[in-house]
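What follows is one structure encoded as structure tokens, with my remarks underneath.
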Amino acid sequence: MSLSRKTAVAGVFEHPTRFAPDKSLFQIMAESVRGALDDAGLTIKDVNGLCTTGIGMSGMGIVGLCDYLNLTPNFVDSTSIGGSSFVAHTAHAAAAIHAGLCDLCVVVYGSTAASSRFAIGTGGERGGAGDPCDQYEIPFGPTTVGAYAMIAQRHMHDYGTTSEQLAEIAVTMRLHASMNPAAKYRDPITVEDVLASRIISSPLHLLDCCIISDGGGALVIASAERARDLKKKPVYILGAGETVRHAARGQRDFLEIAAAQSGRLALERAGVMHKDIDMAMIYDSFTITVLATLENLGFCKRGEGGAFVSGGRLRFDGEFPINTDGGGLSSNHPGMRGIFLVIEAARQLRGECGPRQVKDCKIALVHGTGGALGTRHSGATLILGNQ
Amino acid sequence: MAEQTQAKKYSKPLPHLDEENRPWWEALQRHELYIQKCGNCGDIRYYPRALCTNCMSSQVQWIKCSGRATVYTFTTTYQNQAPGFRESLPYIMAYVELEEGVKMLTNLVDCQPEQAKIGMPVEVVFEDVTPAVTLAKFRPAR
Chain A
0 MSLSRKTAVA GVFEHPTRFA PDKSLFQIMA ESVRGALDDA GLTIKDVNGL CTTGIGMSGM
60 GIVGLCDYLN LTPNFVDSTS IGGSSFVAHT AHAAAAIHAG LCDLCVVVYG STAASSRFAI
120 GTGGERGGAG DPCDQYEIPF GPTTVGAYAM IAQRHMHDYG TTSEQLAEIA VTMRLHASMN
180 PAAKYRDPIT VEDVLASRII SSPLHLLDCC IISDGGGALV IASAERARDL KKKPVYILGA
240 GETVRHAARG QRDFLEIAAA QSGRLALERA GVMHKDIDMA MIYDSFTITV LATLENLGFC
300 KRGEGGAFVS GGRLRFDGEF PINTDGGGLS SNHPGMRGIF LVIEAARQLR GECGPRQVKD
360 CKIALVHGTG GALGTRHSGA TLILGNQ
Chain B
0 MAEQTQAKKY SKPLPHLDEE NRPWWEALQR HELYIQKCGN CGDIRYYPRA LCTNCMSSQV
60 QWIKCSGRAT VYTFTTTYQN QAPGFRESLP YIMAYVELEE GVKMLTNLVD CQPEQAKIGM
120 PVEVVFEDVT PAVTLAKFRP AR
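Put into structure tokens, the structure is as follows:
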């Protein structure tokens with residue numbers, strides 16, 4: 000049974016804060032939920048489904064959040080697959096509504112990653128009795144940046160991809176951030192600036208890496224029928240896919256990432272072709288994440304990502320606009336940012352993006368990445384449309 | 000004196016030894032590197048685990064590795080805030096592909112950052128970091 004166009008994103012809200020040392024993450028989440036409900040013209044009394052997970056939250060954080068919000072939902076989901084979690088939650092909420100498990104579901108994320116000084120990406124990993132796979136990695140000093148850096152190194156070796164090509168992704172995200180009043184970094188940068196920034200883990204420079212911020216956001220998911228009666232134009236969920244990739248018992252092809260599978264599933268289920276996509280929100284933890292994801296989603300052939308991201312193609316006014324909010328590279332990255340991908344895509348499909356609005360935007364692709372591409376990671380893809 | 004003892008303490012994370020991985024770590028203590036092969040279907044695997052991921056058999060064979068490998072990919076890490084690693088920056092982390100056909104994460108040692116190359120032949124070296132734990136690292140082949 001196809002889920003296509005049976006459910007919709009009915010409300011969105013991105014918390015404007017990028018630094019909130021005096022707020023708890025539950026307060027940020029609750030303010031985000033209120034914002035998304037206001038956007039849809041609904042109240043907390045309408046909510047009977049909840050999806051959340053996070054960093055800085057306990058494993059059972061969703062139970063505490065229900066207490067904080069005084070919710071007794073009929074459906075809960077705390078799928079925790081890293082930054083892509085909220086993209087997956089959106090699909091799970093849609094499936095739950097379609098199956099009659101709940102009527103109206105809120106997906107929410109909040110974090111105080113910056114003000115809590117989480118060393119995301121360069122904090123190393125803890126030792127001890129973690130997952131069995133950790134025992135063979137943590138003694139060697141892996142970092143999140145290091146994992147992605149090894150993907151970049153291999154891509155450069157196999158295909159001649161250059162640091163300049165990767166830098167162009169960061170430059171484009173900063174251009175988009177300059178048109179987003181909430182973005183953390185809005186001053187333009189050049190390819191030379193990226194290359195002149197210090198190396199964190201070769202070949203990735205500081206400006207190849209996402210920023211660290213506080214922040215939060217929420218989505219309201221409803222049946223398509225109900226969404227049509229609400230305050231804002233519905234953004235229909237057309238298709239979704241998700242999966243996990245890993246070392247495959249030491250036999251993995253590193254440049255084939257989770258996006259290959261989740262993207263194929265989402266496009267097939269939505270019944271749309273690559274050429275139908277008007278804009279995309281691609282998780283940009285690092286510049287290489289974008290390049291590898293575009294290849295694996297099939298927007299260009301493997302090895303052609305360097306050329307594909309060049310020449311301004313990714314700009315909001317280019318041939319293939321991505322990350323029009325400024326992305327994790329410039330706008331916000333509170334540890335996990337899947338939810339912001341869905342929020343910005345929904346705003347684009349509603350035509351609410353002002354100077355950074357993509358012309359005639361009808362179908363958007365959202366792809367979240369979680370974990371570390373060089374090792375265990377997840378991918379979740381959504382196709383959204385406004386008709 | 001007490002301070003000196005403290006300074007020598009190994010401060011990087013250590014693995015947790017248990018029933019399924021102990022033979023592997025004990026072999027490293029003897030300066031031997033093994034990978035696993037399924038005793039039922041012959042599928043090879045790294046890292047070691049109790050069940051074959053192909054047929055779920057518990058029959059494990061251990062294959063002694065030559066210790067020869069090539070660099071599959073690598074990175075020189077200049078920033079890691081974790082204790083033990085922040086004192087040893089920069090260091091090279093790499094996936095090496097063993098002659099036996101599996102890739103493993105390791106460190107390249109006795110190797111300058113500018114010397115590291117994908118495809119470079121490397122050989123295992125055993126680093127005894129504590130009385131219980133020896134790590135398999137790799138250096139440029141001699």
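As they're listed, the protein sequences go chains A and B.
For the record, in the first sequence the residue sitting at position 37 is 36 according to numbering that gives the first Met the number 0, with numbers rising by one throughout.
For the record, in the second sequence the residue sitting at position 13 is 12 according to numbering that gives the first Met the number 0, with numbers rising by one throughout.
Even for Gly, the Cβ is constructed at its ideal location relative to N, Cα and C.
Which listed residue (the options) has its alpha carbon closest to that of residue i
i, options, result
"A/Glu13", "A/Gly370, A/Asp283 and A/Glu30", "A/Glu30"
"A/Ala259", "A/Gly240, A/Thr286 and A/Glu224", "A/Gly240"
"B/Ala68", "B/Thr74, B/Arg48, B/Val124 and B/Ile43", "B/Val124"
"A/Leu290", "A/Lys274, A/Arg312, A/Leu264 and A/Ser200", "A/Arg312"
"B/Asn106", "B/Gln80, B/Glu98 and B/Arg138", "B/Arg138"
"A/Ile256", "A/Ala87, A/Gly367, A/Leu328 and A/Pro354", "A/Gly367"
"A/Ile382", "A/Ile199, A/Asp133, A/Gly270 and A/Ser77", "A/Gly270"
"A/Arg244", "A/His97, A/Gly55 and A/Gly378", "A/Gly378"
"A/Lys361", "A/Tyr235, A/Leu229, A/Ala98 and A/Asp157", "A/Tyr235"
"B/Leu82", "A/Gly53, A/Thr78 and A/Pro141", "Per the sequence shown, residue 82 of chain B should be read as Pro rather than Leu. Here the closest residue by C-alpha is A/Pro141."
"A/Pro187", "A/Arg197, A/Ala166 and A/Ile321", "A/Ala166"
"B/Glu96", "B/Ala26, B/Ile117 and B/Arg85", "B/Ile117"
"A/Leu340", "A/Gly334, A/Gly350 and A/Gly327", "A/Gly327"
"A/Ser84", "A/Gly384, A/Asn385 and A/His376", "A/His376"
"A/Ser114", "A/Val357, A/Asn179, A/Asp213 and A/Leu364", "A/Asp213"
"A/Arg197", "B/Val59, B/Lys63 and B/Gln78", "B/Gln78"
"B/Lys36", "B/His30, B/Arg48 and B/Leu27", "B/Arg48"
Three-state class that DSSP yields for residue i in the structure shown
i, result
"B/Leu88", "coil"
"A/Phe139", "helix"
"A/Val32", "helix"
"A/Phe298", "coil"
"B/Glu2", "Low local confidence applies: a pLDDT of 44 at B/Glu2 is under 50, so the model's placement there is unreliable, with the coordinate-based value given in what follows. Of the three classes helix, strand and coil, the one that applies to B/Glu2 here is helix, per DSSP."
"A/Cys65", "helix"
"B/Ile43", "strand"
"A/Ala306", "helix"
"A/Ala146", "helix"
"A/Pro354", "helix"
"A/His291", "Just to set this straight, residue 291 of chain A is Ala in the shown sequence, not His. Of the three classes helix, strand and coil, the one that applies to A/Ala291 here is helix, per DSSP."
"B/Phe73", "strand"
"A/Met278", "strand"
"A/Ser377", "strand"
"A/Val387", "Chain A is shown from 0 up to 386; residue 387 of chain A falls before or after that span and cannot be answered."
"A/Met0", "Since pLDDT at A/Met0 reaches only 47, below the 50 mark, its modelled position is unreliable, and the value read off the structure follows with that caveat. Of the three classes helix, strand and coil, the one that applies to A/Met0 here is coil, per DSSP."
"A/Cys132", "helix"
"A/Arg244", "strand"
"A/Thr286", "helix"
"A/Leu165", "helix"
"B/Glu25", "helix"
"B/Ala93", "strand"
"A/Phe18", "coil"
"A/Met172", "helix"
"A/Lys183", "coil"
"A/Gly58", "coil"
"A/Leu383", "strand"
"A/Leu41", "coil"
Beta-bridge partners of residue i, as assigned by DSSP
i, result
"A/Tyr158", "Answer is none; A/Tyr158 lacks a bridge partner."
"B/Val128", "BP columns for B/Val128 are empty, so no partner."
"B/Trp61", "B/Gln35"
"B/Asn20", "In DSSP, B/Asn20 forms no bridge with anything."
"B/Pro139", "B/Val121"
"A/Arg153", "Beta-bridge pairing links A/Arg153 to no other residue."
"A/Cys50", "A/Asp76 and A/Val106"
C-beta atoms of residue i and residue j nearer than 8 Å
i, j, result
"A/Leu293", "A/Ile281", "yes"
"A/Arg173", "A/Gly40", "no"
"A/Ser200", "B/Thr74", "yes"
"A/Cys209", "A/Asp283", "yes"
"A/Ala19", "A/Thr111", "yes"
"B/Val144", "B/Pro14", "This structure does not reach residue 144 of chain B, given that chain B is present from 0 up to 141, and the question cannot be answered."
"A/Ala92", "A/Val106", "yes"
"A/Leu348", "A/Phe285", "no"
"A/Gly369", "A/Gly81", "yes"
"A/Ser222", "A/Thr374", "no"
"B/Pro89", "B/Pro120", "no"
"A/Tyr147", "A/Thr242", "no"
"A/Arg248", "B/Tyr45", "yes"
"B/Glu99", "B/Cys64", "yes"
Discussion item. Just to confirm the assignment: which complete beta strand (DSSP E) runs, minimum length 3, are found wholly within the segment 75-121 of chain A?
Written reply: 103-110
Discussion item. As an exercise, report each continuous alpha helix (DSSP H) stretch of at least 4 residues that is fully enclosed by the segment 185-236 of chain A, in chain order.
Written reply: 190-195 and 223-226
Worksheet entry | Entirely enclosed beta strand (DSSP E) segments - the segment 313-372 of chain A, minimum 3 residues | 362-370
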